[in-house]
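Numbering (my numbering), first residue to last: 40 to 197. Let me begin by presenting the structure, written as structure tokens, before commenting on it.
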Amino acid sequence: MKKKEGPTDAPENICTHTRVFPGVPEVLDALQARDIRWGIVTNKPAFLTDPLIERLGLTHRPACVVSGDTTANRKPHPEPMLHACNIASAEPASTLYVGDAERDIKAGRNAGMHTLVALYGYIGDNDRPADWGADGMIESPIEILHWIDSAQRGHRVR
40 MKKKEGPTDA PENICTHTRV FPGVPEVLDA LQARDIRWGI VTNKPAFLTD PLIERLGLTH
100 RPACVVSGDT TANRKPHPEP MLHACNIASA EPASTLYVGD AERDIKAGRN AGMHTLVALY
160 GYIGDNDRPA DWGADGMIES PIEILHWIDS AQRGHRVR
């Protein structure tokens with residue numbers, strides 16, 4: 040998802056200032072066509088997450104939604120990631136987590152997942168995603184599918 044500049048502390052504002060990144064709907068359609076489950080893990084509290092997902096038309100699509108207040112700990116702790124895997128009936132070692140913040144990559148790695156940095160996300164000027172320890176970095180959402188294809192063939196993509 041893509042957040043635009045502006046206040047996002049209230050449900051009505053988060054729905055106004057947040058958009059899905061270009062290419063994400065097509066990737067989600069492709070995942071669904073391949074019968075690959077996907078979910079959302081965010082540090083946003085549920086009172087912001089739930090209306091946002093509804094407004095974006097994603098309510099019935101994810102296998103799980105874990106908000107910042109769903110578990111006792113937030114990312115980078117592995118608890119929300121492991122909770123998401125439990126809900127989605129997924130093994131962490133067979134799960135790919137895509138994030139645009141160091142805490143995302145740390146959370147995925149702490150949970151034993153494969154991780155990708157979404158360079159099209161909110162990477163700050165002072166961030167150093169190459170140092171975050173992810174399994175790879177992608178420039179566009181479609182690369183998620185390429186990474187999955189390569190991983191399913193037993194190849195690692197860096």
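Ideal Cβ placement from N, Cα and C applies to all residues, glycine included. Note that the coordinates shown come from a computational prediction; the quantities given were computed from them, not determined experimentally.
*Using the C-alpha atoms, what's the distance from residue 187 back to residue 52?*
Looking at the backbone, the Cα of residue 52 and that of residue 187 are separated by about 34 Å.
*Thinking C-beta only, is residue 136 closer than 9 Å to residue 147?*
Yes, they are a contact pair.
*On the DSSP bridge assignment, give the partners of residue 79 in chain order.*
Per DSSP, 104.
*Identify whether residue 177 lies in helix, strand or coil by the three-state DSSP scheme.*
Residue 177: strand per DSSP, three-state reduction.
*Once you ignore the five residues that flank residue 142 on each side, which residues in its own chain have a CB closer than 7 Å to its CB?*
Here the set comprises 114, 115.
*Apart from the five residues on each side of it in sequence, which residues of its chain come closer than 8 Å, Cβ to Cβ, to residue 71?*
Around residue 71: 100.
*Just checking my contact of residue 108 with residue 140 at CB under 8 Å: how many whole Å lie between their CB atoms?*
At roughly 18 Å, the Cβ-Cβ gap does not stay under 8 Å, so residue 108 and residue 140 are not in contact.
*Which residue from 111, 94, 79, 132 puts its Cα closest to that of residue 149?*
Nearest option by C-alpha distance: 132.
*Closest residue to residue 58 among 88, 134, 78 (Cα-Cα distance)*: Per the C-alpha coordinates, the member of 88, 134, 78 positioned closest to residue 58 is 88.
*Assign residue 167 to one of three DSSP states: helix, strand, or coil.*
Assignment of residue 167 by DSSP, reduced to helix, strand and coil, places it in the coil class.
_Can you give me the C-alpha to C-alpha distance between residue 55 and residue 93, rounded to a whole angstrom?_
Just so you know, the alpha carbons of residue 55 and residue 93 end up roughly 13 Å apart.
_Through-space distance from residue 184 to residue 67, alpha-carbon basis_ = In this structure, the straight-line span from the alpha carbon of residue 67 to that of residue 184 is close to 10 Å.
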